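**Q** Below is the structure I would like to discuss, written out as structure tokens.
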Amino acid sequence: MNALEIKDLQASVGDDQEILKGLSLTLPKGEVHALMGPNGSGKSTLAKVLAGHEEYAVTGGEVLMDGSPILGMEPDEISRAGLFLAFQYPLEIPGVSIANFIRAALQSRLGEGERLDASRYYKDLYAKMDEIGIDRKFTSRALNEGFSGGEKKRCEILQMSMLQPTYSILDETDSGLDIDALRIVAEGVNAMRGEERGMLVITHYQRLLEYIVPDKVHVVWDGRIVHSGGKELALELEKKGYDWVKEELVALIG
Ligand code: ADP
Ligand code: MG
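The sequence shown begins at 2 in my numbering and counts up by one.
In structure tokens, the structure reads:
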């Protein structure tokens with residue numbers, strides 16, 4: 002199937018602290034889905050488990066990317082297979098410039114003996130930086146070091162647009178952005194929408210979804226998807242709050 006399929010995923014951290022408790026979600030290629038839910042419900046954990054974070058132990062379920070299982074693969078293998086994660090809290094990497102970081106990631110996708118064309122690479126990088134509103138002087142700055150929250154988020158979008166992944170997970174890319182930056186980031190994401198790509202936009206607030214209109218919205222609660230619907234679900238959540246979902250849930254499962 003042409004989709005990112007998450008089936009009954011269970012994952013824990015530390016001494017058997019269960020965080021994902023049977024989470025299922027299918028993101029078909031060509032669609033943009035939003036994942037919403039209260040703080041601590043497991044959104045970032047899901048993103049990190051999909052990217053192969055070693056801190057989390059998968060205790061059940063499976064994840065298929067276009068039919069191939071990805072759980073158990075190393076993060077770099079998952080990335081080269083076509084999955085991209087924009088972090089909620091991007092790490093600062095002193096000593097590694099943005100230009101060299103993205104270049105190495107692209108180079109690692111080429112076959113043995115193939116070299117990245119440097120002049121074409123820089124041309125592409127500068128064009129994307131202009132689009133996303135990142136000053137060219139950032140090219141030689143160390144990745145995220147001393148960046149503001151908004152600069153870090155733009156840098157994540159830059160990486161995504163350079164790597165052209167098949168599936169993207171954007172973890173609270175809107176946090177720390179003012180309205181102008183939010184618009185620019187949303188434009189960057191919208192420019193990447195298309196038949197050949199699926200995107201999962203994780204957000205706490207409805208605001209981002211005014212700019213990135215999702216095909217579907219999922220609500221996560223305590224490690225499970227408890228509700229899915231169309232884009233209007235985001236508005237409903239904004240109005241009624243997450244307690245509404247909780248009440249519905251309690252009514253359902255007691
Ligand atoms: P969200 O992104 O929805 O706010 P998280 O996935 O970050 O939620 O966290 C879900 C729950 O798992 C929280 O209770 C959080 O404290 C816990 N958790 C996540 N990662 C870790 C970790 N590395 N160590 C301990 N607890 C964690
Ligand atoms: Mg989070």
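Think of the CB as a built atom: it goes at the ideal place given N, C-alpha and C, for glycine as much as any other residue.
Model, not experiment: these values are computed from the prediction.
(1) Closest by CA to residue 76, which one among 92, 54 and 89?
(2) Starting from residue 52, follow the alpha helix (DSSP H) in both directions and report where the run begins and ends.
(3) Do you know offhand how far residue 98's Cα is from residue 141's?
(4) Nearer than 6 Å: is that true of the beta carbon of residue 56 relative to any heavy atom of the ligand ADP?
(5) Is residue 20 near the ligand ADP, with its Cβ less than 6 Å from a heavy atom?
(6) Please find out if some non-hydrogen atom of the ligand MG comes closer than 6 Å to the beta-carbon of residue 98.
(7) Tell me, to the nearest whole angstrom, how far the beta carbon of residue 232 is from that of residue 214; I am working on the premise that it is less than 8 Å.
(8) Does the ligand MG have a heavy atom nearer than 6 Å to the CB of residue 44?
(9) Rounded to whole angstroms, what's the CA-CA distance from residue 42 to residue 138? Just pull it up for me.
(10) What are the uninterrupted segments assigned as alpha helix (DSSP H) that are 4 or more residues long and contained completely in the segment 60–85, given in chain order?
(11) Which residue's Cα is closest to the Cα of residue 177: 90, 226 and 128?
(12) For the segment 172–187 against the segment 113–125, are there 3 or more C-beta pairs whose distance is under 8 Å?
(13) Quick check: the segment 211–225 against the segment 54–66, are there 3 or more CB pairs under 8 Å?
(14) Answer with yes or no whether the minimum CB distance from residue 180 to chain D is below 7 Å.
(15) Below 6 Å, is the gap between the Cβ of residue 14 and the nearest heavy atom of the ligand ADP?
(16) Does the beta carbon of residue 41 fall short of 6 Å from some heavy atom of the ligand ADP?
(17) Helix, strand or coil for residue 90, going by three-state DSSP, please let me know.
**A** In brief:
(1) 54
(2) No alpha helix (DSSP H) contains residue 52, which DSSP labels as neither H nor E.
(3) 5 Å
(4) yes
(5) yes
(6) no
(7) 6 Å
(8) yes
(9) 38 Å
(10) 76–82
(11) 90
(12) no
(13) no
(14) Of the protein chains in the structure, only one exists, and it is not chain D.
(15) yes
(16) yes
(17) coil
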